[in-house]
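Reading through the structure tokens given below for one structure.
Chains as they are written, first to last, in this note's numbering: chain A, 1266 to 1595; chain B, -17 to 293.
This is how it looks when you write it as structure tokens:
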């Protein structure tokens, strides 16, 4: 059994681009779900729209990289408006239903045959990230002992990603300790009470939906640039469920919750996925119990089990305050 | 209403103003702050509210009473924009309010509380209060990111909030989560928070529901003090002792309509009101009062609210 590799990939997953993308997506979702109480089950669509906005502008229409970034951000804002206008006046559960459906619509549009001329259908799009990597200041890989190594492409996307995470956290931190954030959190507790105090609740919920969507869309850029490709099935509903897991794991309505949640989530998942196959190879796990093909699924089972235990014994997540979580929401 | 020697100026003013108002449904008041006309709300085939005309006197405490299902809370919801009527118009401070969304109603100076108290549980008591401040610069997203732009105003709001918390004896709970307060304290907090909006009129939906007797007295005192501060109070209540104690005027609703108006004493002796609460004989069979009294053990002319009064 090669502990260096198992430990190495696990440690890398604490800071690599995938973890950053999920952290950004979860920071956005935390604005929706943690702070505002909006049950957005379509966060993956915000990432998808941003990723495809960038990819289509550059790869399909041949326009510059920065136009693609603006198109992706604009797409996230438009998606927020499209989702919010019909649903934010209704009860919270309607938003959940509409967003989960909208996310599937977005994904199916991206992979539909009739649009494949622009979206590349189920194959997606490539060759849009050259301008981004042309800006790469790094020239070689970085290795820390024999455990961790990142090549220069990964280093560049990680650098940009961590800057984006820092900016997103700063915005959330500043906004949520302000009177604006107070209204947002009050809406989570009771909309009608906030209305009775003269605040335009629908407008605030829309602002929250846009803010969280735009922050999440940054994660879409990171994923797209990291893979140098976009594929429709990356942005399925299970992506959103992982984001929820991360938000709850870190502690909802905590500034650093999503980042730490994403680190823990990816560390555990990567560790189990690296450990099980090599344990089977080494004969530590008998083949009647599990073979190598089954190890991947078992990894997710363990992660799920861990999360169930977490919710039972620490429902407030890593950063949460148990007293606060136990308060009656009404 | 007890004629004690120490009549407060607000009480005297309200009584003087309402002295010559006829005791009949839809009576004209000398200085109404709220005037509603032909407000109708139907739920399917049921007409929940059908108020022909109603006026609320400025600076007085008006009670809205009536049996369960009389449409009091629905009428409250309509007036404050939380529900939309099928027909009707109403003016507040001379401005039409029909079709105005609830947050704009509140900004115009008509603030309500709720029957089921809405404390914002996972916000601290002081944040609950601060939320009530109007015209906050820091409540717009872009400004919120630069604390220097709103710190000054936040401080002023916090000072006002602390004064109100002290007045409502919640200052010891300042940093606690609102969700950790007792039921009565939540009622106090909700009322104090409504005052942060600096309203002209406060609408209280069952302010005494679920409050223990010790706190009731303190809540009563606070409601009375609103009148002394020049505010108008309209409240829904079931507790007749309280209605008698604090209200200057009583409006009675029954089956969606205003069936009686007057001072507490006259209204509680009004046979229409007693009928509404205890049930009238709509089938035309006249029961012999003595017979009914013998069967039920209740005196033939029941006092208001089944003999609950102690005066």
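Just so you know, even glycine gets a beta-carbon here, dropped at the ideal spot from N, CA and C. Quick caveat: nothing in here was measured; it's all calculated off a predicted structure.
**Report entry** Closer than 8 angstroms to chain C by CB, residue 85/B
**Finding:** Protein chains A and B are contained in the structure displayed, whereas chain C is not.
Query - N-terminal and C-terminal residue of the alpha helix (DSSP H) that residue 1/B is part of - result: As a working note, residue 1/B is residue 19 in the second chain. Premise fails: residue 1/B is in no alpha helix (DSSP H) and is neither H nor E.
Query - Spatial distance of residue 204/B from residue 1353/A (CA atoms) - result: Numbered from 1 along the second chain, position 222 holds the residue referred to as residue 204/B. Numbered from 1 along the first chain, position 88 holds the residue referred to as residue 1353/A. Residue 204/B and residue 1353/A: Cα-Cα distance of roughly 36 angstroms.
Query raised in the report: Counting contacts by CB-CB distance shorter than 8 angstroms, is residue 1557/A in contact with chain B?
Result: Along the first chain, read from residue 1 onward, the residue named residue 1557/A stands at position 292. Chain B contact via Cβ: absent.
**Report entry** Contact list for the stretch 1331 to 1355 of chain A against chain B, Cβ threshold 9 angstroms
**Finding:** none
Requested in this report: Could you tell me the distance, in whole angstroms, from the CA atom of residue 20/B to the CA atom of residue 179/B?
Outcome: On the second chain, residue 20/B is found 38 positions in, with the first residue counted as 1. On the second chain, residue 179/B is found 197 positions in, with the first residue counted as 1. Taking the straight line from one Cα to the other gives about 29 angstroms.
Query raised in the report: At a CB-CB cut-off below 8 angstroms, which residues of chain A make contact with residue 132/B?
Result: Against the second chain, residue 132/B aligns to sequence position 150. What residue 132/B touches in chain A: 1443, 1444.
Query - CA nearest to the CA of residue 1424/A, picked from 1438/A, 1403/A, 1439/A, 1414/A - result: The count along the first chain starts at 1 and reaches residue 1424/A at position 159. If we check each option's Cα against that of residue 1424/A, 1403/A comes out closest.
Query raised in the report: Any heavy atom of the ligand MG closer than 7 angstroms to the CB of residue 154/B?
Result: In the structure shown, the ligand MG is absent, as is every other ligand, since no ligand is present at all.
Query raised in the report: Given that a residue counts as buried once 16 or more other Cβ atoms are within 10 Å of its Cβ, and exposed if not, what is residue 1469/A?
Result: The count along the first chain starts at 1 and reaches residue 1469/A at position 204. Only buried fits residue 1469/A, as 16 or more other CB atoms lie within 10 angstroms of its CB.
Requested in this report: Identify the continuous alpha helix (DSSP H) that holds residue 260/B and give its terminal residues.
Outcome: Stepping through the second chain from its first residue, residue 260/B is reached at position 278. Counting along the chain, the alpha helix (DSSP H) containing residue 260/B begins and ends at 253 to 260.
Query - Minimum length 4: unbroken alpha helix (DSSP H) runs contained in the stretch 1459 to 1522 of chain A - result: If we require 4 residues or more, the alpha helix (DSSP H) runs fully inside the stretch 1459 to 1522 of chain A come out as 1466 to 1492, 1502 to 1515.
Query raised in the report: Of the choices 1566/A, 1587/A, 1271/A, 1464/A, whose alpha-carbon is the least far from that of residue 1411/A?
Result: Position 146 of the first chain holds residue 1411/A. Nearest C-alpha to residue 1411/A: 1271/A.
Report task. Answer yes if the stretch 1503 to 1511 of chain A comes into contact with the stretch 1376 to 1389 of chain A, meaning at least three C-beta pairs across the two stretches below 8 angstroms, and no otherwise. Result -> no
Query raised in the report: Would residue 109/B count as contacting chain A if we go by Cβ distances under 8 angstroms?
Result: Position 127 of the second chain holds residue 109/B. Chain A, which has a Cβ nearer than 8 angstroms to the Cβ of residue 109/B, makes this yes.
**Report entry** Neighbour list for residue 64/B in chain A, Cβ cutoff strictly below 9 angstroms
**Finding:** The residue you call residue 64/B lines up with position 82 of the second chain. 1457, 1460, 1461, listed in chain order.
Query raised in the report: Is residue 1576/A helix, strand or coil by DSSP?
Result: Start at 1 with the first residue of the first chain, and residue 1576/A comes out as number 311. Three-state DSSP puts residue 1576/A in a helix.
Query raised in the report: Going along chain A in order, which residues have a C-beta closer than 7 angstroms to the C-beta of residue 120/B?
Result: Residue mapping note: residue 120/B aligns to position 138 of the second chain, counting from 1. Going along chain A in sequence order, the residues near residue 120/B (Cβ under 7 angstroms) are 1443, 1444, 1445.
Query raised in the report: Do the CB positions of residue 232/B and residue 184/B come within less than 8 angstroms of each other?
Result: Here residue 232/B is taken as the residue at index 250 of the second chain, counted from 1. Here residue 184/B is taken as the residue at index 202 of the second chain, counted from 1. Cβ distance not < 8 angstroms, so residue 232/B and residue 184/B don't count as in contact.
Requested in this report: Using three-state DSSP, classify residue 73/B as helix, strand or coil.
Outcome: Taking the first residue of the second chain as position 1, residue 73/B is located at position 91. Strand.
Requested in this report: Output the residue ranges of the alpha helix (DSSP H) runs that lie fully inside the stretch 156 to 211 of chain B and measure 4 residues or longer, sorted by chain position.
Outcome: 165 to 178, 195 to 210
Report task. Starting from residue 135/B, follow the beta strand (DSSP E) in both directions and report where the run begins and ends. Result -> Locating residue 135/B in the second chain gives position 153, counting from the first residue. No beta strand (DSSP E) holds residue 135/B; the alpha helix (DSSP H) holding it covers 133 to 149.
Report task. Please work out which residues of its chain come closer than 6 angstroms, Cβ to Cβ, to residue 9/B, disregarding the five sequence neighbours upstream and downstream, and give them in chain order. Result -> Counting from one through the second chain, the residue named residue 9/B turns up at place 27. Excluding sequence positions up to five before and after residue 9/B, its CB lies within less than 6 angstroms of the CB of 3, 243, all in the same chain and listed in chain order.
Query raised in the report: Taking Cβ positions only, does residue 1470/A come closer than 8 angstroms to chain B?
Result: Position 205 of the first chain holds residue 1470/A. At least 8 angstroms separates the CB of residue 1470/A from every CB of chain B.
Report task. Report yes or no: do the stretch 1484 to 1494 of chain A and the stretch 1266 to 1280 of chain A share at least 3 C-beta pairs separated by less than 8 angstroms? Result -> The answer is no - the stretch 1266 to 1280 of chain A does not touch the stretch 1484 to 1494 of chain A, with fewer than three Cβ pairs under 8 angstroms.
Query raised in the report: If we cut at 8 angstroms on Cβ distances, does residue 28/B have a partner in chain A?
Result: Translated into positions along the second chain, residue 28/B becomes position 46. Output row for residue 28/B: interface = no.
Query raised in the report: Closest Cβ-Cβ distance between residue 1465/A and chain B: below 8 angstroms?
Result: Numbered from 1 along the first chain, position 200 holds the residue referred to as residue 1465/A. Answer yes: the Cβ-Cβ gap between residue 1465/A and chain B drops below 8 angstroms somewhere.
Requested in this report: Could you tell me the boundaries of the beta strand (DSSP E) in which residue 242/B lies?
Outcome: The count along the second chain starts at 1 and reaches residue 242/B at position 260. Under the DSSP assignment, residue 242/B falls in the beta strand (DSSP E) whose first and last residues are 239 to 244.
Query - Distance, residue 1288/A Cα to residue 1430/A Cα - result: Numbered from 1 along the first chain, position 165 holds the residue referred to as residue 1430/A. Numbered from 1 along the first chain, position 23 holds the residue referred to as residue 1288/A. Roughly 8 angstroms between the two C-alpha positions.
Requested in this report: May I ask you to list, following chain order, the residues of the stretch 1412 to 1432 of chain A that have a beta carbon less than 7 angstroms from some beta carbon of chain B?
Outcome: none
**Report entry** Range covered by the beta strand (DSSP E) that runs through residue 21/B
**Finding:** Here residue 21/B is taken as the residue at index 39 of the second chain, counted from 1. Note, residue 21/B: beta strand (DSSP E), 14 to 25.
Query raised in the report: Any C-beta of chain B sitting closer than 8 angstroms to the C-beta of residue 1592/A?
Result: Position 327 of the first chain, counted from the first residue, corresponds to residue 1592/A. Yes - at least one Cβ of chain B is within 8 angstroms of the one on residue 1592/A.
Query raised in the report: What number of angstroms, rounded off, separates the C-alpha of residue 1335/A from the C-alpha of residue 1319/A?
Result: Indexing the first chain from 1 puts residue 1335/A at position 70. Indexing the first chain from 1 puts residue 1319/A at position 54. Spanning the two alpha carbons is a distance of roughly 8 angstroms.
Query raised in the report: Listing by chain order, which chain B residues have their CB less than 9 angstroms from the CB of residue 1451/A?
Result: Within the first chain, residue 1451/A is the residue found at index 186, counting from 1. Neighbours of residue 1451/A on chain B, chain order: 102, 105, 109, 110, 113.
Query raised in the report: How long is the line joining the alpha carbons of residue 1315/A and residue 1351/A, rounded to whole angstroms?
Result: Here residue 1315/A refers to the residue found at position 50 when the first chain is read from its first residue. Here residue 1351/A refers to the residue found at position 86 when the first chain is read from its first residue. Roughly 22 angstroms separates the two Cα atoms.
Query raised in the report: What in chain B is Cβ-close to residue 1439/A, meaning under 9 angstroms?
Result: Sequence index remark: in the first chain, residue 1439/A carries index 174 (1-based). Identification of chain B residues near residue 1439/A by a Cβ-Cβ cut-off of 9 angstroms yields 126, 127, 128, 129, ordered along the chain.
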